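**Student:**
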Amino acid sequence: MPQNALNQSVTLNNGVAMPIFGLGVWKTKSGKECTEAVLSALEAGYRHIDTAKIYSNEEDVGKAIRESGIPRKEIFITTKLWNADQGAQKTRKALEQSLEKLGIDQVDLYLIHFPVTSKRLDSWKELEKAYQDKLCRAIGVSNYMIPHLTELLNESNITPAVNQVEFHPFLNQIELLESCKKHKIQLEAYSPLAHGQKVDDGQIASIAKKYGKTPAQILIRWAIEQNIVVIPKSTRKERIVENANVFDFKISAEDMKTLNGLDENFRTCWDPSEVA
Ligand SMILES: NC(=O)c1ccc[n+]([C@@H]2O[C@H](COP(=O)([O-])OP(=O)(O)OC[C@H]3O[C@@H](n4cnc5c(N)ncnc54)[C@H](OP(=O)(O)O)[C@@H]3O)[C@@H](O)[C@H]2O)c1
22 MPQNALNQSV TLNNGVAMPI FGLGVWKTKS GKECTEAVLS ALEAGYRHID TAKIYSNEED
82 VGKAIRESGI PRKEIFITTK LWNADQGAQK TRKALEQSLE KLGIDQVDLY LIHFPVTSKR
142 LDSWKELEKA YQDKLCRAIG VSNYMIPHLT ELLNESNITP AVNQVEFHPF LNQIELLESC
202 KKHKIQLEAY SPLAHGQKVD DGQIASIAKK YGKTPAQILI RWAIEQNIVV IPKSTRKERI
262 VENANVFDFK ISAEDMKTLN GLDENFRTCW DPSEVA
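Heads up: the sequence shown begins at 22 in this note's numbering, then just goes up one per residue.
1) Among the residues of its own chain, which have a CB less than 6 Å from the CB of Leu44, if the five just before and after it don't count?
2) Would you mind reading off the limits of the beta strand (DSSP E) that contains Pro236?
3) Could you spell out where the beta strand (DSSP E) holding Gln185 opens and where it closes?
4) Rounded to a whole number of angstroms, what is the C-alpha to C-alpha distance between Glu80 and Gly124?
5) Just the Cα atoms here: how many angstroms apart are Ala297 and Ile167?
6) Using three-state DSSP, classify Leu33 as helix, strand or coil.
7) Whole angstroms are fine: how far does the CA of Ser177 sit from the CA of Val162?
8) Can you tell me which of Asp143, Gln238, Gly233 and Val183 puts its alpha carbon nearest to the alpha carbon of Lys219?
9) Using the rule of at least 16 other Cβ atoms within 10 Å of the residue's Cβ for burial, across every protein chain shown, is Arg87 buried or exposed?
10) Is it buried or exposed for Asp129, if we count other Cβ within 10 angstroms and need 16 for buried?
11) Taking the C-alpha atoms as reference points, what is the distance between Asn266 and Ile228?
12) Quick one: what does DSSP say Thr171 is sitting in, helix, strand or coil?
13) Tell me, to the nearest whole angstrom, how far the beta carbon of Lys234 is from that of Phe270; I am working on the premise that it is less than 8 Å.
14) Between Gln185 and ligand 1, is the CB less than 7 Å from at least one heavy atom?
15) Comparing the CB of Asp71 with every heavy atom of ligand 3, is any distance shorter than 7 Å?
16) Determine the extent of the beta strand (DSSP E) in which Glu196 is found, giving its start and end residues.
Encoded structure:
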């Protein structure tokens with residue numbers, strides 16, 4: 022497969038290759054819905070799945086990966102530490118339980134799901150130990166804003182490899198992106214379709230028409246053009262295929278400028294002002 026295809030990857034700050042594109046499975050129901058979505062994605066060429074303990078579908082992700090027959094080492098799996106499991110006492114156990122549910126010995130990326138005040142630094146220390154013990158190939162954070170990253174960088178021995186945050190043209194967090202780049206933290210865009218709420222946007226549709234692409238493909242390609250890892254979710258086979266069909270075109274500098282101008286601080290998920 023050529024490097025401009027679905028296996029295109031970024032290199033994390035510890036040298037691990039992470040596919041730039043993957044399938045998200047938040048709100049994908051445990052059972053048939055999840056195993057079928059993951060199997061459809063793997064069949065379409067996806068090699069990266071993003072789950073979390075709180076999604077309650079780690080077992081289904083693991084099952085689908087085994088059923089696919091694709092060697093484990095060819096698939097990049099991310100899971101996340103849930104808030105209730107944070108802290109020095111619970112973090113390691115939560116990771117071990119996630120590994121057991123997934124049916125694997127080592128996860129490719131383990132993330133702190135949210136920066137829980139008063140627990141996040143202790144949780145990070147546990148992630149550092151787990152990384153040293155080779156339970157994770159890389160460790161990172163999610164929903165960290167600049168102050169959370171600054172705090173962590175001052176206190177940690179290992180710089181997080183990834184920060185997974187909501188990111189799309191309507192929530193274009195340029196300062197956060199620049200800060201991540203400066204510290205060699207890979208930005209990963211969650212809810213790249215604004216949780217499905219911007220796939221009918223007129224401005225995206227008119228750019229999409231120019232390229233003979235769908236609005237979802239423009240939103241996904243916008244992230245890839247900036248070397249941002251992107252993990253759209255769908256449970257529908259045809260959309261899973263559609264969302265992956267973003268490696269045969271480029272968005273012009275002029276259209277990137279138009280897309281970059283759409284920011285309206287539109288958050289569909291978590292408002293960082295609600296957590297210290
Ligand atoms: N770390 C965090 O705190 C966090 C938070 C949110 C999300 N995430 C991760 O990021 C992933 C993606 O984010 P997300 O699930 O919030 O939203 P998203 O990927 O932005 O959008 C998903 C929604 O768009 C629809 N959709 C998918 N492809 C489409 C297409 N081609 N055309 C029209 N509609 C389409 C889906 O419906 P159908 O399924 O019916 O196709 C679903 O309703 C999650 O699954 C999760 O893995 C992480």
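Heads up, the beta-carbon is just placed ideally off N, CA and C, and yes, glycines get one too.
Every value quoted in this text rests on a predicted model; they were computed, and no experiment measured them.
**Tutor:** Taking the structure as given:
1) Indexing the sequence shown from 1 puts residue 44 at position 23. Ala62, Tyr67 and Ile70.
2) Working through the sequence shown from its first residue, we reach residue 236 at position 215. Note, Pro236: premise wrong, no beta strand (DSSP E); alpha helix (DSSP H) at Pro236 to Glu246.
3) The residue given as residue 185 occupies position 164 in the sequence shown. Unbroken beta strand (DSSP E) run through Gln185: Val183 to Glu187.
4) Position 59 of the sequence shown, counted from the start, is the residue given in the question as residue 80. Position 103 of the sequence shown, counted from the start, is the residue given in the question as residue 124. Approximately 7 Å between the Cα atoms of the pair.
5) For the purposes of this step, residue 297 is taken as the residue at position 276 of the sequence shown. For the purposes of this step, residue 167 is taken as the residue at position 146 of the sequence shown. The predicted position of Ala297 is uncertain, since its pLDDT is 49 and thus under 50; a value taken from the coordinates is nonetheless stated next. Going by the C-alpha atoms only, they are around 12 Å apart.
6) Along the sequence shown, one-based indexing puts residue 33 at 12. Here Leu33 sits in coil by DSSP.
7) Looking up residue 162 in the sequence shown gives position 141. Looking up residue 177 in the sequence shown gives position 156. So the alpha carbons of these two residues sit roughly 12 Å apart.
8) Here residue 219 corresponds to residue number 198 of the sequence shown, with the count starting at 1. The shortest Cα separation from Lys219 among Asp143, Gln238, Gly233 and Val183 belongs to Gln238.
9) Taking the first residue of the sequence shown as position 1, residue 87 is located at position 66. Exposed.
10) As a position in the sequence shown, residue 129 is number 108, starting the count at 1. It counts as buried.
11) The residue labelled residue 266 in the question sits at position 245 within the sequence shown. The residue labelled residue 228 in the question sits at position 207 within the sequence shown. Distance between the alpha carbons of Asn266 and Ile228 is about 16 Å.
12) By 1-based counting over the sequence shown, the position of residue 171 is 150. DSSP places Thr171 in helix when its eight states are reduced to three.
13) Along the sequence shown, one-based indexing puts residue 234 at 213. Along the sequence shown, one-based indexing puts residue 270 at 249. Their Cβ separation, rounded to whole angstroms, is 7 Å, which keeps Lys234 and Phe270 in contact under 8 Å.
14) Position 164 of the sequence shown, counted from the start, is the residue given in the question as residue 185. Gln185: yes, Cβ under 7 Å from ligand 1.
15) In the structure shown, ligand 3 is absent; the only ligands present are ligand 1.
16) Counted from its first residue, the sequence shown places residue 196 at position 175. That residue, Glu196, is in no beta strand (DSSP E); its alpha helix (DSSP H) goes Ile195 to Lys203.
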